[in-house]
Ligand code: HEM
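Numbering (the working numbering), first residue to last: 5 to 419.
Here's what the structure looks like:
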């Protein structure tokens with residue numbers, strides 16, 4: 005029986021109906037994205053009651069378009085926009101968001117990003133090469149004799165959290181707790197989080213912030229050779245990061261620093277194995293490895309959606325009229341599969357060299373951790389396949405029911 009997408013598209017009105025929790029969609033969104041590219045790359049999603057964009061050029065342009073922002077409350081009040089008042093049960097979560105680089109717009113974003121960039125330099129990232137390789141090898145030493153492994157828990161989750169904790173100067177033994185806090189917080193970014201999810205995210209935010217406050221205080225007393233100490237010292241035009249900005253940025257780096265990378269690693273391994281490719285040529289040299297990593301990111305992106313607010317009334321080329329404060333959805337993973345941009349986009353071709361995907365975003369919020377994520381993938385993938393050349397899928401992996409964050413429930417491998 006042919007596999008089809010569960011989407012309903014009225015190409016004439018560009019109205020679309022789609023249930024994000026339909027397994028036929030979230031298990032394999034590629035088919036749905038192909039249907040959208042063919043019939044309505046810009047569309048009104050009825051269940052979400054807003055406009056979404058799937059085309060590469062549209063998504064790329066809208067991410068850079070200064071008429072849109074991740075935030076709206078810097079140009080309008082809640083009253084003006086008819087937004088509900090902040091919820092007291094989300095106060096700790098909101099406090100972290102309020103000073104978060106990812107949630108700010110210029111000029112606040114520019115100032116904060118410059119200060120963080122000053123600390124987050126590529127020299128520091130390159131210096132991690134040996135350490136990441138040693139960690140990957142050590143983890144494989146631990147499970148090699150077993151002949152099987154659940155890769156997410158034993159490998160993919162450990163590498164990014166250990167690396168980002170080390171970089172920031174947070175004790176690596178805190179890894180499991182950081183993962184718990186982070187998992188609770190990112191659940192807030194799906195459509196309509198439940199009340200229970202909100203309470204858990206708020207609790208995690210309070211504990212995470214309190215923990216980091218102690219660490220920051222200790223680094224103030226005794227600076228070390230780490231990112232937190234650098235951020236404390238970073239200064240531009242006589243300005244420094246405030247305490248709230250430091251805490252929010254540290255939480256953001258710790259969360260963003262592993263959530264996406266874990267699933268990108270899992271998605272990449274599963275994609276390579278399910279296509280039955282010989283891994284040796286994929287990682288034959290640094291150039292081949294880099295192309296393989298980029299193709300895995302294009303084809304099996306972990307983050308499928310980011311949203312923006314219209315900062316003023318805007319009419320787009322497509323004839324779409326947006327009012328100030330309206331949200332739009334930018335489908336990064338769909339843009340990566342646009343047939344107008346990539347040849348035969350649903351084919352996984354590790355040697356492909358057709359220019360950038362949009363998995364790291366674009367414009368002022370472009371992923372600040374991209375060099376680190378690329379380095380982690382360019383080391384942990386080849387090391388895994390070289391150490392375990394007969395690696396295979398032990399069973400077909402289950403995809404998680406969380407469309408925004410496209411990742412696997414678990415990844416059981418054998419050799
Ligand atoms: C494969 C892994 C990763 C992917 C796919 C990814 C993807 C993204 C995307 C799409 C954005 C832009 C969001 C938007 O425009 O609304 C972003 C922003 C960001 N990412 Fe990543 N990321 C990854 C890894 C990392 C790592 C390892 C770090 C930190 C060490 C990190 C830190 C950040 C930060 C701080 C921002 C906010 C930047 C800003 O708002 O100026 N990310 N990431």
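Even for Gly, the Cβ is constructed at its ideal location relative to N, Cα and C.
Fair warning: this is a prediction, and the values are worked out from it, not measured in the lab.
Cross-strand partners of residue i (DSSP beta bridge)
i	result
residue 335	309
residue 152	418
residue 244	239
residue 73	313
residue 396	418
residue 12	21
residue 326	318
residue 403	412
residue 57	46, 334
Residue i and residue j closer than 7 angstroms at C-beta
i	j	result
residue 223	residue 232	yes
residue 24	residue 49	no
residue 342	residue 41	yes
residue 352	residue 275	yes
residue 253	residue 105	yes
residue 320	residue 258	no
residue 326	residue 340	no
residue 76	residue 39	no
residue 356	residue 299	yes
residue 415	residue 155	yes
residue 159	residue 345	no
residue 220	residue 172	no
residue 205	residue 97	yes
residue 381	residue 297	yes
residue 354	residue 245	no
residue 13	residue 44	yes
residue 122	residue 238	yes
residue 306	residue 264	yes
residue 248	residue 103	yes
residue 163	residue 384	yes
residue 166	residue 176	yes
residue 240	residue 139	no
residue 283	residue 389	yes
residue 420	residue 55	Since the displayed the chain opens at 5 and closes at 419, residue 420 lies outside it and no answer follows.
For residue j and residue i, believed in contact at Cβ under 8 angstroms, the rounded distance
i	j	result
residue 314	residue 333	Not quite, the Cβ-Cβ distance comes to about 12 angstroms (not below 8 angstroms), so this is no contact.
residue 270	residue 168	At roughly 17 angstroms, the Cβ-Cβ gap does not stay under 8 angstroms, so residue 270 and residue 168 are not in contact.
residue 72	residue 312	4 angstroms
residue 403	residue 31	5 angstroms
residue 376	residue 419	28 angstroms between Cβ atoms; not a contact.
residue 336	residue 370	Not really, about 12 angstroms apart at Cβ, beyond 8 angstroms.
residue 308	residue 202	No, residue 308 and residue 202 are not in contact; Cβ-Cβ is about 22 angstroms, not under 8 angstroms.
residue 365	residue 108	Their Cβ separation, rounded to whole angstroms, is 15 angstroms, which puts residue 365 and residue 108 out of contact at 8 angstroms.
residue 37	residue 15	Actually they do not touch by this definition, with Cβ atoms about 15 angstroms apart.
residue 243	residue 115	7 angstroms
residue 210	residue 188	Not quite, the Cβ-Cβ distance comes to about 11 angstroms (not below 8 angstroms), so this is no contact.
residue 255	residue 281	Their Cβ separation, rounded to whole angstroms, is 38 angstroms, which puts residue 255 and residue 281 out of contact at 8 angstroms.
Residue i beta carbon near the ligand HEM (any heavy atom closer than 6 angstroms)
i	result
residue 408	no
residue 363	yes
residue 268	yes
residue 140	no
residue 212	no
residue 78	no
residue 265	yes
residue 371	yes
residue 260	yes
residue 377	yes
residue 388	no
residue 396	no
residue 117	yes
residue 56	no
residue 29	no
residue 310	yes
residue 307	yes
residue 256	yes
residue 106	yes
The ligand FAD heavy atom lying under 6 angstroms from the CB of residue i
i	result
residue 42	Absent from the structure shown: the ligand FAD. Ligands present: the ligand HEM.
Discussion item. At 4 residues or longer, what runs of the alpha helix (DSSP H) sit wholly inside the stretch 257–305?
Written reply: 283–286, 290–303
Worksheet item: Considering only residues of the stretch 135–187, which uninterrupted alpha helix (DSSP H) runs meet the minimum length of 4 residues and lie entirely inside it, listed in chain order?
Response: 162–172
Worksheet entry | Every unbroken alpha helix (DSSP H) inside the stretch 184–230 [4 residues or more] | 199–225
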